[in-house]
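Worksheet: one structure, shown below.
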């Protein structure tokens, strides 16, 4: 499974401060720590309410690219900040994210095509997040067919069924598992899938246990990638064990050490 | 999920000794320990190569029934020992197990009908354990339709897709998940499912981690029951967390303490 680090986000106080003061060393160390912990992709989010977000996103990309060639995910709702990030990125970027709203897709899919980027597609439209798997599947289908109209390969698309906190919307836990299973039927090869994992445990008292149990369930259903905290060692053990159990990596007694 | 304790098995040295010496206290304490740890059902296996197995099975049942009314599973390949166990049981028993071999089904299904028992049906026939999900599904269908010929309700049937050790047959991990998903389509309501969980980690160095990651995956696919070790506390936390995530038990901050 692809591990996308959620930690380079201005919402975390220390990261917000490093961004504000343009502290290259702190940002670079954070990026290297994520990769060392097992991240395959680094999600970059400047944090909310930033006036000069395009400039800051470009700075984040360049600063991190100076120390690693890991794939970067440009995480912002603003098309201008996305484009600034895309221009700064040396290799294929991931865009995080579009919704199924027509104006969002019309703004972002041309960028996806131009830069051959990957894009996270949230199953969400003007009416909000659907409360069942079937409707999520319809929105996924709408985004895939719209992307095809822009000549974007399905292989560049990551569908995100949108996890909700188990303490607030408990019936959505199984709905998201069902959705992941349904998405597999949408195309051949199937679209990739991604979740923002930590959302499931928001507000609970057993965050790591809930995150790793749910991640196992989603991996079993075929999840491709998760935006998550690679510094949670027990969670990373589950990622490695899941890849073994799904026969994606060869079993060896010392597989946890790899 | 239904937790079936695997611990009352003559294969464990201390249990074998307690059975041999007819140590009622030791067996009763073991049974109570399993229930306290969270077992819903107690699987009873006298151990291999027992001359007077029917008599010993009846003794095990009676001894344990004196201290608990938990459901009991009569685990033996011998029809005579099964019938002796069934006769001794006060309430509905589980039989563990039949295969898809005609002579096994012909010997056991009449007992299942007569005693309104539940039965574990292993997807296995004269050719051995199939190495893909589709063939497991065919054997499941064969056992369900044969049981129907004996007027046994689908509700009394637990299909077991037979887990193999990840270190020895790694491609069977995803095959069993696929099989659990396929079984759901066999009838409406779907047949129940069960696995012998510990088999997945046989011979590995991370037994509990592998057991609980795989159990989460199987629960996500809809598993009804697992024969497992309820004394593994981390594994039991996963059972409780899985039931919460699948919306089978109501979330509360203190759900682990329930």
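Protein chains in written order, with our numbering: chain C, 35 to 292; chain V, 35 to 292. Cβ atoms here follow ideal geometry from the backbone N, Cα and C, with glycine treated the same way. Since the model is a prediction, treat every value here as computed from it, not as a measurement.
Taken in chain order, the complete alpha helix (DSSP H) segments of 4 residues or longer contained in the segment 35-60 of chain V are 47-54. Here the segment 78-95 of chain C makes contact with the segment 118-129 of chain C; the two share three or more CB pairs at distances below 8 Å. Listed in chain order, the positions of the segment 254-270 of chain V with a beta carbon within less than 7 Å of a beta carbon of chain C are 254, 255. The residue from 156/C, 151/C, 188/C with its alpha-carbon nearest to that of residue 220/C is 188/C. Membership of residue 121/V in the alpha helix (DSSP H) is indicated by the continuous run 113-122. The DSSP-derived three-state label of residue 186/C is coil. When Cβ-Cβ separations below 9 Å define contact, residue 208/C makes contact with chain V. Per DSSP, residue 139/C is not a residue of any beta strand (DSSP E); the alpha helix (DSSP H) it occupies stretches across 136-149. For the pair of segments examined, the segment 57-65 of chain V was found not to touch the segment 279-288 of chain C: the number of CB pairs separated by less than 8 Å stays below three.
A Cβ-Cβ distance of about 7 Å is found for the pair residue 43/V and residue 81/V, placing them in contact under the 8 Å criterion. Between residue 200/V and chain C, the shortest Cβ-Cβ separation is below 9 Å. Taking C-beta atoms as the reference points, residue 245/V and residue 199/V fail to come closer than 9 Å. Cβ proximity to chain V below 7 Å picks out 271, 272, 275, 276, 278, 279, 280, 281, 285, 287 from the segment 271-288 of chain C.
In this structure, the CA atom of residue 45/C is about 12 Å from the CA atom of residue 110/C.
Taking 8 Å as the Cβ-Cβ cut-off, the segment 60-91 of chain V has no residue approaching chain C. Counting every other CB atom within 10 Å of its CB across the protein chains shown gives residue 225/V a total of 16 or more, marking it as buried.
Distance check between residue 146/V and each of 131/V, 172/V, 136/V, 160/V places 131/V closest, using alpha-carbon atoms only.
Of the residues 218/C, 103/C, 91/C, the one whose Cα lies closest to the Cα of residue 168/C is 218/C. Residue 183/C and residue 39/C have their C-alpha atoms spaced approximately 31 Å apart. Within the segment 219-282 of chain C, complete alpha helix (DSSP H) segments of at least 4 residues are found at 241-254, 267-279, given in chain order.
Bounds of the alpha helix (DSSP H) holding residue 98/C are 87-99. Neighbours of residue 227/V across chain C, judged by C-beta separation under 9 Å, do not exist; the nearest C-beta is about 14 Å away.
Within chain V, no residue has its beta carbon less than 8 Å from that of residue 291/C; the closest one is some 11 Å off.
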